[in-house]
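Student:
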Amino acid sequence: MEDEVERRQIQQILELDNEELQIEEVESLLESSDDDRHASGVVSPDDFTFNTQLTSLHSYLGEVDDTRHRSAFWDGGAVLNLPLFYLEGVVLFPEATLPLRVIEPNFVAAVNRAMTQADAPYTMGVVRVYRDSNDGPLRLAKVGTTAEIRQYRPVEDGSINVVTRGQQRFCLRRCWIDAEGAPFGEIQIIEEDIPFRTPRDAYVKLVPLNNRRGQQILSLNALSHGGRNDENDSEANSEESFENELTQTERRIHQSAIGACYDSDRMDESTSSADYNKLSESDSQSGSPCGTDSTFLGSSPSGHEKQVRNTDLGIGTKSMARKVAEPRSHLSSTLSRAFAPIWVYRMYDSFCLAQKAADMWKQIVGTPSMDGFVKKPDLLSFYIASKIPVSDPTRQELLEIDGVSYRLRQEIELLERLDRVRCKICKTVIARRSDMLVMSTDGPMGAYVNSYGYVHEVMTFRKAKGLATRGRPHKEYSWFPGYAWTIINCASCDVQMGWLFTATNEKLKPKSFWGIRSCQVKDETR
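So in this note's numbering the end of the sequence shown lands on 1511, straight run, no missing numbers.
1) Go through its chain and collect everything with a Cβ distance to K1372's Cβ below 7 Å, but skip five positions before and after it.
2) Give the DSSP-derived three-state secondary structure of P1429 in the structure shown.
3) Looking at the unbroken beta strand (DSSP E) that takes in P1084, where does it start and where does it end?
4) For L1065, which option in Q1173, M1424, K1496 and S1041 has the closest C-alpha, if you only look at C-alpha atoms?
5) Let me check understanding here. Comparing Cα to Cα, which of G1170, V1440, K1460 and W1499 lies closest to L1077?
6) Here's the rule I'm using: 16 or more other beta-carbon atoms within 10 Å means buried, otherwise exposed. How should C1043 be labelled?
7) Would you say the segment 1343-1354 touches the segment 1395-1413, given that touching needs at least three Cβ pairs under 8 Å?
8) Does DSSP put E1133 in a helix, in a strand, or in coil?
9) Hey, G1467 and A1488: beta-carbon distance below 8 Å or not?
10) What residues are listed by DSSP as bridge partners for C1156?
11) Using DSSP with H/G/I as helix, E/B as strand and the rest coil, what is P1326?
12) What residues in its chain sit with their C-beta under 6 Å from that of V1480, if we drop five residues either side in the sequence?
13) Ordered along the chain, which non-local residues of its own chain (more than five positions away) have a Cβ less than 8 Å from that of R1150?
14) Restricting to Cα atoms, I'd like to know which of R1113, E1048, R1154 and A1094 is closest to G1061.
15) For the putative contact between V1506 and S1376, defined by C-beta atoms under 8 Å, what is the C-beta separation to the nearest angstrom?
16) Can you tell me which of the three DSSP states E1048 falls into?
17) Taking the Cβ atom as the reference point for each residue, do A1099 and P1068 lie within a distance shorter than 8 Å?
18) Once the 5 residues before and after L1399 are set aside, which same chain residues still bring their CB inside 7 Å of it?
19) In three-state DSSP terms, what is V1434?
20) Going by alpha carbons, who is nearest to Y1115 out of E1171, T1034, A1370 and R1380?
21) Distance, Cα to Cα, F1058 vs I1179?
22) Would you call the segment 1497-1504 and the segment 1447-1455 touching, i.e. three or more CB-CB distances under 8 Å?
23) Which class does R1055 belong to by DSSP, given the choice of helix, strand or coil?
24) Only counting the same chain, and skipping five residues up and downstream in sequence, which positions put a Cβ closer than 7 Å to that of E1484?
25) Using only CA atoms, which one of I1327, P1168, M1482 and W1464 lies nearest to S1041?
26) Measuring alpha carbon to alpha carbon, tell me which of A1095, S1118, P1122 and A1339 ends up nearest V1111.
27) When burial is assigned at 16 or more other CB atoms within 10 Å of the CB, is M1109 buried or exposed?
28) Taking P1168 and I1162 to be in contact with their CB atoms under 8 Å, please state how far apart those CB atoms are, rounded to whole angstroms.
29) Looking at C-alpha atoms only, which residue of Y1437, Q1395, G1451 and G1438 is the closest neighbour of T1413?
30) Can you tell me which of the three DSSP states N1097 falls into?
31) Specify, as a first and last residue, the run of the beta strand (DSSP E) that E1396 falls within.
32) So A1342 and E1385 are in contact, right, with Cβ under 8 Å, and what is the actual spacing, rounded?
33) What is the DSSP secondary structure of R1331, reduced to helix, strand or coil?
34) When you compare only the Cα positions, how much space is there between T1130 and L1383?
35) Identify whether D1178 lies in helix, strand or coil by the three-state DSSP scheme.
36) Less than 8 Å between the CB atoms is what I'm expecting for S1335 and R1182, so what's the real figure, rounded?
If you want it as structure tokens, here you go:
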């Protein structure tokens, strides 16, 4: 069945390649006004005819054979010796596709060794290389990703066309060149953590504001005793029980704090200033620890979030509870075993963070469904990291983050702040995040290799500005079947930024779009 689908897709590619070249003059796109140029790139759901599945086939590599081998995953901490492949400006993540046209003899030897080695067949390590300065030496990143060779075909000129897929992160311990000239490295597989979900009975029960005059001690969950209480105790410590004891105004304040971390709990209406002041005065007079301490209710959630970010929290530990309790000497000594409010836990709940990240990504990119990823926060964190329109140093930082929740939190912050894409050299604004365009099933950003063996990570946009074309359109070796490519430079500093892709026939939509190299952009935030 899969072979039949692939044959149909290849036939579509052949039909597109046989179409008569009917490329619009790219100069007209560049010389028109910004509004006209942007309008030409706008793509609505009803005005998109390109089959994005064709791009992920990497048909420009020609025929490649499926190795029909799937390597096993290694346990965290395992130490292996693998052939290495160095790439400048490219960061490979688990589950991401990486096409290669291997030309240099040392890397040809590395690929051949990967195909035949016994302990880790069809596997090699991919590491990003970088320079500290323009004239500085190449350096290897300390964290890379194992790549499984999925498709392979030797070419008559001695080169090899390969399609790989990222598997597991690793730490590079040392590297060397073997007798055949192939780069090798000793790697240690990084053990990935299990996505964290907050247990329902781990939330502290805060005393309602209207009952605090007679209650100065927080009601705690009995987890510190090594077991669960009966159903009545569990119910008393649940979030529902707590909210049922609140007045309508108090419930709004509580839900506003929760909503600061995730939008699933929304306030019905904003609390009036009079109600808020009244509650604040009442809490101040009663000496309530929850009313006057900015750590809890009645405070600005964003302010508390900054406090949490800047503090080394021991979530669910005694040390964290002691930090919260220190300003309140009159609290019971049992407060040292207290857990934090639910909205603090949601800041680190992998599944809550995955839902928020997926919703933001869908809003930005327009991906039809992210439900499958939400159920697998670890895969979602790698997916967004490999597709987010940021520079390769920033994505390398995302790759090196240990912990699903921490990686998702960083990605959410980037998505919230990311706005404009600038030229790395002259800082000219060339695109905006909202203009990202999905031209592949792999997402709005992917890795592609040219005929000379250079791998480029390209983000696609429907609109761009401040760019100038160089030369004429070319149809050969196009990464997007049915589109011709033209080199584009930054109009201010003349550095190559990527390519303008224009449709080769009138039926293909969008008519044009822009491919920007991630290694040539500078991260720009609001």
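Glycine is no exception: its CB is placed at the ideal position from the N, C-alpha and C atoms.
Tutor: Once the coordinates are examined:
1) G1428, P1429 and M1430
2) coil
3) T1082 to V1087
4) Q1173
5) V1440
6) At residue 1043 the sequence reads His, which differs from the Cys that was named. Classification for H1043: buried.
7) yes
8) strand
9) yes
10) V1128 and Q1173
11) coil
12) I1410
13) E1080, A1081, T1082, L1083, A1132, E1133 and R1135
14) R1154
15) 6 Å
16) coil
17) yes
18) I1373 and V1375
19) strand
20) R1380
21) 16 Å
22) yes
23) coil
24) Rather than Glu, the amino acid found at residue 1484 in this sequence is Trp. If we look at W1484 and ignore the five residues flanking it on each side, its Cβ neighbours are W1470, T1471, I1472, I1473 and G1500.
25) W1464
26) A1095
27) buried
28) 6 Å
29) G1451
30) helix
31) E1396 -> not in any beta strand (DSSP E); alpha helix (DSSP H) instead, spanning V1389 to R1402.
32) Rounded, the Cβ-Cβ distance is 18 Å, inconsistent with contact.
33) helix
34) 13 Å
35) coil
36) 7 Å
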